[in-house]
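A.B. asks: Residue numbers (this note's numbering), protein chains in the order written: chain X, 1357 to 1599; chain D, 1357 to 1599.
A virtual CB, placed ideally from N, CA and C, is assigned to each residue, including glycine.
Note that this is a predicted model, so its numbers are computed, not measured.
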């Protein structure tokens, strides 16, 4: 069995928004960076899977933030991978704590292994040997990602995928979807930071040059988003619950 | 006389582009962060000027990059302020070096002190007392920012200023202008990193909700940009010379 592992961060000025708090995008980015670095340390990273023409793909993410740390604040992210209980989904957990050890955030991520040749998810049984002694059987720190469906946008915006949006695969960087969504939200929701829960589901990759449509619907305390690709297929959906 | 002061950085994954090199935007962001932190350490920061309802405003910046460091690479930024030779402009210099001490970049920034009440630049003589022993009389490491004028755009794009673009003043974050420009450049210029020089001139502030027009002209090895605000006034101009 592996232990939970901690990684330290600080809120550099480029990570804050106009309220001088770390953006949701930057905190999610740190969470994903931790996933990448920890997987590398444990020998279960995309690099290892690539030897068989496979890679990890992030499918769903839930993030609860009691607060967003301020500029220059230091914090830690604790991470661990649960033993697989699903044939296709691997669960990696995160706890975010301030420099005094007080927890202010939690996240649960769900990943698939994709075979690039077949363009299909692979059964985790095929990679189980990599995980010997890599699991930590501690419960997830919050509810797993919820499904986000049935969004009926009342506001839509267009966004053309450009240079600053893409990753090394020339696909839209996962975190950019969050940026596009927050850029569609009325600014009033972002002037008073308050506890929130984000559920996000990545369904399709978007590419350089595609014109995306970001749809937004407010349903009571839920801000709902869907991003459609250039062919009008749903690429990403999300909900922010304001607490 | 003060010494040159060094600050260390590493290229976190959120700082790279699809070529896995630190973006020009992220390197310029680090340069400006160093300016802010070093000014704070030396007691010449915007906080101190704010006591008299004044602040530093970045007017022009020149940056030379022999190369852009790779993801996870470590590097240092050395900074110093020159004795004032102009009544209105303070010059702060930067040298970027890799972990082995090899210099790969240089920058010169020119700043004004603005009086918020009069909305006018202040003579540096009025703040000269702050600078006792804070100057370092070493020459700038590269040519001061050049003027960028007479751009005749052959390509234009629109960009509405949204949440992720603004700083704590609700003005467009200085670094976002660079992002907008690179997002307008044909992607081919960014697939083969090569030495470059950037000259950028900040003329006007842009605000949340304004629809900006980004114009681009290619003139031999010069990529020229101008950004116009919602009233069609030039807010920012820049040139990238590809070497």
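1) Put residue 1428 of chain D into one of helix, strand or coil per three-state DSSP.
2) Identify the contact partners of residue 1502 of chain D in chain X, using a Cβ-Cβ distance below 7 Å as the criterion.
3) Does DSSP put residue 1527 of chain X in a helix, in a strand, or in coil?
4) Specify the secondary structure class of residue 1601 of chain X as computed by DSSP and reduced to three states.
5) Nearest by alpha-carbon distance to residue 1603 of chain X: which of X/1394, X/1359, X/1365 and X/1582 is it?
6) So, with DSSP's three-state summary, where would you put residue 1560 of chain X?
7) Could you tell me how far apart the beta carbons of residue 1308 of chain X and residue 1367 of chain X are, in whole angstroms, since I believe they sit closer than 8 Å?
8) By DSSP's criteria, residue 1584 of chain X is part of a beta bridge. Which residues make up the other side?
9) Which word fits residue 1567 of chain D, buried or exposed, when buried means at least 16 other C-beta atoms lie within 10 angstroms of its C-beta?
10) Against chain D, with Cβ distances strictly below 8 Å, would residue 1389 of chain X count as a contact?
11) Opposite residue 1360 of chain X in the DSSP bridges: which residues?
12) Quick one: Cα of residue 1375 of chain X to Cα of residue 1413 of chain D, how far?
13) Apart from the five residues on each side of it in sequence, which residues of its chain come closer than 8 Å, Cβ to Cβ, to residue 1538 of chain X?
14) Based on DSSP bridge pairs, tell me the residues matched to residue 1514 of chain D.
15) Taking a contact to mean a Cβ-Cβ separation below 8 Å, would you say residue 1517 of chain X touches residue 1496 of chain X in this structure?
16) Answer with yes or no whether the minimum CB distance from residue 1495 of chain D to chain X is below 8 Å.
17) Chain X beta carbons: is any one of them nearer than 8 Å to that of residue 1429 of chain D?
18) Starting from the C-beta of residue 1578 of chain X, find all residues in its chain whose C-beta is less than 6 Å away, skip the five residues before and the five after it, and write them out in chain order.
19) What three-state label does DSSP hand residue 1555 of chain D in the structure shown?
20) Within the same chain, show all residues whose beta-carbon is closer than 6 Å to that of residue 1523 of chain X, passing over the 5 residues directly before and after it, in chain order.
21) Going along the region 1470–1499 of chain X in order, which residues come within less than 8 Å of chain D, judged by CB to CB distance?
22) Would a check of beta-carbon distances place residue 1538 of chain X closer than 8 Å to chain D?
23) Taking only the alpha-carbon atoms, compute the straight-line gap between residue 1438 of chain X and residue 1493 of chain X and give it to the nearest angstrom.
24) Beta-carbon separation of residue 1390 of chain X and residue 1450 of chain X under 8 Å?
25) Verify whether the separation of the beta carbon atoms of residue 1466 of chain D and residue 1435 of chain D is less than 8 Å.
26) Find the residues of chain X that neighbour residue 1518 of chain D, judging by a C-beta separation of less than 7 Å, and give them in chain order.
27) For a test of the three-state rule: what should DSSP assign to residue 1384 of chain X, helix, strand or coil?
28) Do you know offhand how far residue 1556 of chain X's Cα is from residue 1359 of chain D's?
29) For residue 1452 of chain X, which of X/1473, X/1429 and X/1468 has the nearest alpha-carbon?
30) Buried or exposed: which applies to residue 1485 of chain D, given that a residue is buried once 16 or more other Cβ atoms fall within 10 Å of its Cβ?
31) Taking CB distances under 8 Å as the criterion, tell me whether residue 1523 of chain X reaches chain D.
32) Strictly below 8 Å CB to CB, what residues from chain D border residue 1368 of chain X?
33) With a Cβ-Cβ cutoff of 8 Å, do residue 1424 of chain X and residue 1383 of chain X count as a contact?
34) Please determine, among X/1431, X/1540 and X/1357, the residue with the shortest C-alpha to C-alpha distance to residue 1515 of chain X.
35) Consult DSSP for residue 1448 of chain X and reduce its assignment to one of helix, strand or coil.
36) In angstroms with no decimal places, state the Cα-to-Cα distance between residue 1302 of chain X and residue 1471 of chain X.
C.D. replies: The short version:
1) The answer is coil: DSSP assigns residue 1428 of chain D none of H, G, I, E or B.
2) Within chain X, no residue comes near residue 1502 of chain D; the closest Cβ sits about 24 Å away, beyond 7 Å.
3) In the three-state reduction of the DSSP assignment, residue 1527 of chain X falls in the strand class, which pools E and B.
4) Given a span of 1357 to 1599 for chain X in the structure shown, any question on residue 1601 of chain X remains unanswerable.
5) This structure gives no information on residue 1603 of chain X, because the portion of chain X shown stretches from 1357 to 1599.
6) In this structure, residue 1560 of chain X counts as coil in the three-state DSSP scheme.
7) With chain X represented from 1357 up to 1599, any question about residue 1308 of chain X goes unanswered, as that position is not in the structure.
8) BP columns for residue 1584 of chain X point to X/1569 and X/1590.
9) Exposed: under 16 other Cβ atoms inside 10 Å.
10) So yes, residue 1389 of chain X belongs to the interface.
11) The partner list for residue 1360 of chain X (beta bridge, DSSP) is empty, contrary to what the question assumes.
12) Residue 1375 of chain X and residue 1413 of chain D have their C-alpha atoms spaced approximately 20 Å apart.
13) Cβ neighbours of residue 1538 of chain X beyond the five flanking positions: 1379, 1380, 1381 and 1546.
14) DSSP, once it has assigned bridges, lists D/1569 as partnering residue 1514 of chain D.
15) It is not a contact, given that the beta carbons lie outside the stated cut-off.
16) No, no contact with chain X.
17) Not flagged as an interface residue toward chain X: residue 1429 of chain D, since no C-beta distance is shorter than 8 Å.
18) 1595 and 1597, listed in sequence order.
19) Residue 1555 of chain D: strand per DSSP, three-state reduction.
20) Answer for residue 1523 of chain X: 1529, listed in chain order.
21) Using a CB distance below 8 Å, no part of the region 1470–1499 of chain X faces chain D.
22) So yes, residue 1538 of chain X belongs to the interface.
23) In a straight line, the C-alpha of residue 1438 of chain X is about 6 Å away from that of residue 1493 of chain X.
24) Their beta carbons are under 8 Å apart, which means residue 1390 of chain X touches residue 1450 of chain X by this criterion.
25) No, the pair does not count as a contact, with Cβ atoms beyond the cut-off.
26) Ordered by position in chain X, the residues that pass the 7 Å Cβ test against residue 1518 of chain D are 1539.
27) Looking at residue 1384 of chain X - three-state DSSP - the assignment turns out to be helix.
28) Cα to Cα, residue 1556 of chain X sits roughly 49 Å from residue 1359 of chain D.
29) Answer by Cα proximity: X/1429.
30) By the neighbour-count criterion, in which 16 or more other beta carbons inside 10 Å mark a residue as buried, residue 1485 of chain D falls on the exposed side.
31) Residue 1523 of chain X belongs to the set of residues whose beta carbon lies under 8 Å from a beta carbon in chain D.
32) Per Cβ cutoff of 8 Å: 1389.
33) Yes. Within cutoff.
34) Checking every option, the nearest Cα to that of residue 1515 of chain X belongs to X/1540.
35) Reduced to three states, the DSSP call for residue 1448 of chain X is strand.
36) What the structure shows of chain X is the stretch from 1357 to 1599, and residue 1302 of chain X is not part of that stretch, so it cannot be assessed.
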